[in-house]
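Step one of this worksheet: look at the structure below.
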Amino acid sequence: MKTMRINPFEQPQIVQAIAMVYQQSFGSEPWNEGYICPVCEKVFARTFSHKVCPACAERSEVVLVVEYWPIGKIISDFYREMKKTNPICIVAQSDEKTIGFAWGYQVFANPDLDEHLDAPDLHKSLHGDFFYLDECAIAPAFQKKGIGKLLVGHIFREQQQGQILLRTKDNSQMCNLIKNMGGNSSAYLTRKSYNEINRSIKLPAALHKTKQGCFSFHQTKKPHH
Ligand SMILES: [Zn+2]
């Protein structure tokens, strides 16, 4: 197992592999974004083996579910993120096979960032430049082996901003990972519309690099809107 920084504009085969890991990982627990019903918007894990939405079937409507994260969308989103300021993409490989990734880019705390992250008023609690850890995932078969910690550690070493911003579910594996690296968890805002697509619970948190090279979250109380 190794982690390495890649240039996605020179290594398209790795981009394809990243997209497949993305689809597998976010299609499984705890996200379960495998398929979505285009009519009622109910979401199903990748293990869902029916082609027809059961909720719509109860109303005698036959609706085919579609992939929640089509490979083409993952790839186009990814390249768009990699065109942002100071992007970094790290992949984990085992036997030359890509099994995990972490990527992000530089952001500045301002109202535009609030909008980008669906986190109203976030900039009121943050100041300056951050490395935004946009996505990190490990293929399900390789989870719980410490690979996420290696990826995040590699990102922390490469980034220049000294402050990390990320969103994740409360008590997610990422929260626990950050805590185990010496940080305290912290959460800001959720947005109601997110709840509807099961992603609301991605909470933004600010992480600050200390002189000792470890990381700590700034604790703030979760505001209610
Ligand atoms: Zn439906």
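Numbering (the working numbering), first residue to last: 8 to 232. Idealized CB from N, CA, C, for every residue including glycine.
Proximal residues to residue i (C-beta, below 6 Å), its chain only, five neighbours per side dropped
| i | result |
| --- | --- |
| GLN24 | It should be pointed out that residue 24 corresponds to Ala in this sequence rather than to Gln. Once the five neighbours on either side are set aside, the close Cβ partners of ALA24 are THR105. |
| SER101 | MET8 |
| VAL114 | LEU120, PHE137 and TYR139 |
Three-state class that DSSP yields for residue i in the structure shown
| i | result |
| --- | --- |
| ARG87 | helix |
| LYS218 | The predicted model places LYS218 with a pLDDT of 30, which falls under 50 and marks its position as unreliable, so this point remains unresolved. |
| MET11 | strand |
| ALA52 | coil |
| PHE16 | coil |
| TYR29 | helix |
| VAL22 | helix |
| GLN170 | strand |
| LEU71 | strand |
Proximity to residue i [Cα-Cα], best of the options
| i | options | result |
| --- | --- | --- |
| ILE36 | ILE145, ARG12, GLU165 and LYS156 | The identity of residue 36 in the sequence shown is Glu, whereas the question assumes Ile. If we check each option's Cα against that of GLU36, ILE145 comes out closest. |
| CYS44 | PHE16, LYS58 and GLN18 | LYS58 |
| ALA62 | VAL46, TYR112 and VAL73 | VAL46 |
| GLY135 | GLN18, GLY169, VAL72 and GLU17 | GLY169 |
| ILE13 | ALA116, PRO94 and PHE137 | PRO94 |
| LEU184 | GLN150, GLU165 and GLN167 | GLN150 |
| PRO15 | LYS91, SER56 and VAL72 | LYS91 |
| PHE138 | VAL69, ALA116, ARG87 and ASN187 | ALA116 |
| SER56 | SER67, LEU71, ARG66 and GLU65 | LEU71 |
| GLY79 | VAL22, GLY160, LYS152 and THR10 | VAL22 |
| VAL50 | GLU74, SER67 and CYS182 | GLU74 |
| GLY160 | TRP110, LEU133 and ASP119 | TRP110 |
| MET89 | ARG66, THR54, ALA64 and PRO19 | PRO19 |
| THR54 | TYR42, VAL114 and GLU122 | TYR42 |
| GLN180 | ARG164, LYS156 and PHE163 | LYS156 |
Per-residue burial, residue i [other beta carbons within 10 Å of its own, 16 or more giving buried]
| i | result |
| --- | --- |
| ILE154 | buried |
| GLU40 | buried |
| GLN166 | buried |
| ALA126 | buried |
| VAL69 | exposed |
| ARG164 | exposed |
Same chain, Cβ closer than 8 Å to residue i, five either side skipped, listed in chain order
| i | result |
| --- | --- |
| PHE108 | ILE25, VAL28, TYR29, CYS96, ILE97, VAL98, ALA99, GLU142, CYS143, ALA144 and LEU158 |
| GLU203 | Below a pLDDT of 50, predicted positions are generally treated as unreliable, and GLU203, at 26, falls in that range; no measurement from the model is reported. |
| ASP121 | PRO127, ASP128, LEU129 and HIS130 |
The beta strand (DSSP E) enclosing residue i, as first and last residue numbers
| i | result |
| --- | --- |
| GLN100 | 95–101 |
| CYS143 | 136–145 |
| GLY111 | 104–115 |
Enclosing alpha helix (DSSP H) for residue i [first to last residue]
| i | result |
| --- | --- |
| GLU122 | 118–123 |
| PRO61 | 61–64 |
| HIS161 | 154–165 |
Sequence-distant residues of its chain with Cβ nearer than 7 Å to residue i (five each side left out)
| i | result |
| --- | --- |
| PRO147 | GLN31, SER32 and SER35 |
| PRO77 | none |
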